[in-house]
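In full-length UniProt numbering, the protein residues as written are 1 to 764.
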């Protein structure tokens, strides 16, 4: 993972005194022989090119601003700045600069700056502080002007902040505010607004600690109510004292914690609602305010996390059946906000936080909450569950595998999630989409751990197939128990699309076979993914159960329509030909060649026949027997280089002949019916005596065998043929389609196929 501490943006100051962004990259310090010294190097994160190469000169004045910004000048009119993503990275580079210049890293400026304009405005720049006017009602305008004039200069801001801090000036200003408000002195109140706003822009933690103290914060908010640009003052204090109410769902015994919660809420309110929207230049000047709120939230989470009595009472009431609905709703919302605060923690602290919640029983509590009827409570519980899954999916997997040893499948936490996804009544499937994302994260093999003694991928996926797959696949299998899908509405189509997204990880990333869709194109995509794995285990299953039969039937039933189904089927067969999947090639030609031999507007099927004949020739040639043995040892998993060598040895001449013959000929008008298929096709449905039965427990069985983990990986194939047959709808509606559809319905029982002809050419 890329180290974000050293991630920076490089800025240069242009002729108009505006900062230009030169790119984003990662900064480092190293000795550069060409420059004869330690230098700052920034390489672009996009392509690794060098964005900046700057020697750290001993006499250059470097400034550190707002904890994440380093600014310096390399020439008279060439100013540079590095804006760091994280404070830690800025501190590291600042230490390197100070080390080269022999300075203490605690300073913000490595060299004294000489500014003639500042010398003209301040006669004594070497003085330790700035003298402030007396804090009197008649001098407020003068104070406001002094604050405004100090903001553009870092040195003046520093001196002003020290003066305000040392003289206790803020408390005196707030006393004047109360006087002005009592006297209804609108002019004085407007000056105080400008002063307090300017103090915020000084960006000093010490000043914020005074302003946000219990005795001062409401007066500070009061000063910010009297914006000179508004005809009437705001009523922020009235909102905070009367409308906004603090409610303790669990009594908080620690007064410091209660005060910290009050303070954080009010400061957040100041940032979001009271202060005017900062300009581009002012936004960075409020970075300390953001940090103040951030660290307050960290403290609150830490204090609550350490209060075992509080957390114990919280989870006890959450899971107590006697707790009324309103109370439980408040408890769940509190826990949700508690988890949201945890996002401010550093990774190691966040890990400890979630471990604490896990030890207190958050997952069993969520299991209870998710089983309740209250939709709002379940929604909040889902949000809490999402925090757990997104941060530590392994913790959730470990819990669900452990509980499976004690509980039945239908009450497992992960099955509750699946059932809520299946039963989502929202037409837009908003809740189902969220749950689908969580489930996809849990079954994603890429975030599963693997150690010397334990493989999470193997254990969890085996658990998932054994205990959860029957719940996840229940709607799809129930919809395909007949010869045609029983449901064809928009809702069911949307739902099965969600399952398609979930099972992409299983079908492709983990070599598991569960991916389907309501429509014929979806079933084609699923089968195409399985064939693309080039695994003989799956190929044998396809051949044994003649699963190409519904594909060929769909191709014939599509008739003369030139659409997605036509292209997808041809591409599937073309893939088998190009990749030379020998077992499938032989199976297709031996069982379906009579149905496909007249398709000559593409060369795909004739190419398959040629591949098949070449295979037969090689089998009759003993000189190539050793090569076939090598292929068997590799289980047909050949890389690109091996395939090229084989083709050069076996197919070179024939491939050239095939390429020369790729001209498209006029489409055939011959008729093809299902009776032209080989006998295995006509008897396919007779062989499929297995009937899927949906039991109350959600389990599926066939007439010959109880499904185990392996059979669940393969069971979903059985529904593909039904999806092909029942969900076939042309993507392009031709004028004569309605008449053809009526004819198809009349002749469906006779299993007759429409003419095999194409109106448009399709190159292979």
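Virtual Cβ for every residue (Gly too), placed ideally from N, Cα, C.
Please read these numbers as outputs of a predicted model, since none were measured by experiment.
Between which residues of its own chain and residue 464 is the CB-CB distance below 7 Å, once the five residues before and five after are set aside? 443
Three-way DSSP call (helix, strand, coil) for residue 372 in this model: coil
Buried or exposed for residue 63, going by 16 or more other Cβ atoms inside 10 Å? buried
In the DSSP assignment, what are the bridge partners of residue 83? 9 and 69
Own chain partners of residue 356 with C-beta closer than 6 Å, once the 5 adjacent residues on each side are dropped: 305
Identity of the residue in 392, 209, 30 and 585 nearest residue 99 by Cα: 30
For residue 392 and residue 530, the rounded distance between their alpha carbons: 30 Å
Looking only at C-alpha atoms, which of 133, 14, 287 and 533 sits nearest to residue 80? 14
So residue 374 packs on residue 329, CB below 8 Å; how close in whole Å? 7 Å
So who's on the other strand from residue 775, going by DSSP bridges? Residue 775 lies beyond the range of the chain shown here (1 to 764); nothing can be said about it.
How about residue 344 and residue 298: do their beta carbons lie closer than 7 Å? yes
With residue 194 as the anchor, note down where its alpha helix (DSSP H) starts and where it stops. 186 to 201
Whole-Å CB distance - residue 109 paired with residue 61, under 8 Å assumed: 6 Å
Length of the line joining the Cα atoms of residue 401 and residue 394: 11 Å
Residue 335 to residue 66 span [Cα, whole Å]: 34 Å
Quick one: is residue 550 buried, meaning 16 or more other Cβ sit within 10 Å of its Cβ, or exposed? buried
C-beta atoms of residue 416 and residue 370 nearer than 7 Å: yes
Which whole-angstrom value describes the C-beta separation of residue 207 and residue 161, a residue pair presumed to lie in contact below a C-beta threshold of 8 Å? 6 Å
Can you tell me which residues form a DSSP beta bridge with residue 19? 13
Straight-line gap, residue 436 to residue 421 (C-alpha atoms, nearest Å): 7 Å
My assumption, with CB atoms under 8 Å, is that residue 366 sits in contact with residue 385. Please give the rounded CB distance. 6 Å
For residue 78, is the classification buried or exposed, using 16 other Cβ atoms within 10 angstroms of its Cβ as the cut-off for buried? exposed
Whole-angstrom distance between residue 204 and residue 263, CA atom to CA atom: 17 Å
Residue 179: buried (16+ other C-beta within 10 angstroms of its C-beta) or exposed? exposed
On the DSSP bridge assignment, give the partners of residue 612 in chain order. Beta-bridge pairing links residue 612 to no other residue.
In the DSSP assignment, find the unbroken alpha helix (DSSP H) run with residue 131 in it and report its ends. Where residue 131 is concerned, there is no enclosing alpha helix (DSSP H), given that its DSSP letter is neither H nor E.
Quick check on residue 588: does DSSP put it in helix, strand or coil? helix
What would DSSP say about residue 63, mapped onto helix, strand or coil? strand
Using a Cβ-Cβ cut-off of 7 Å (strictly less than) and excluding sequence neighbours within five positions of residue 157, which residues of its own chain qualify? 150, 151 and 202
heavy atom of the ligand GTP below 6 Å from residue 292 C-beta: You won't find the ligand GTP in this model; it holds no ligand whatsoever.
I believe residue 615 touches residue 585 by the beta-carbon criterion, under 8 Å. Please report the beta-carbon distance rounded to the nearest angstrom. 7 Å
Give the DSSP-derived three-state secondary structure of residue 109 in the structure shown. strand
Excluding the five sequence neighbours on either side, which residues of its own chain have a C-beta within less than 6 Å of the C-beta of residue 322, listed in chain order? none
From the DSSP output, which residues share a beta bridge with residue 205? Residue 205 is not bridged to any residue.
Buried or exposed: where does residue 244 fall if 16 or more other Cβ atoms within 10 Å of its Cβ makes it buried? exposed
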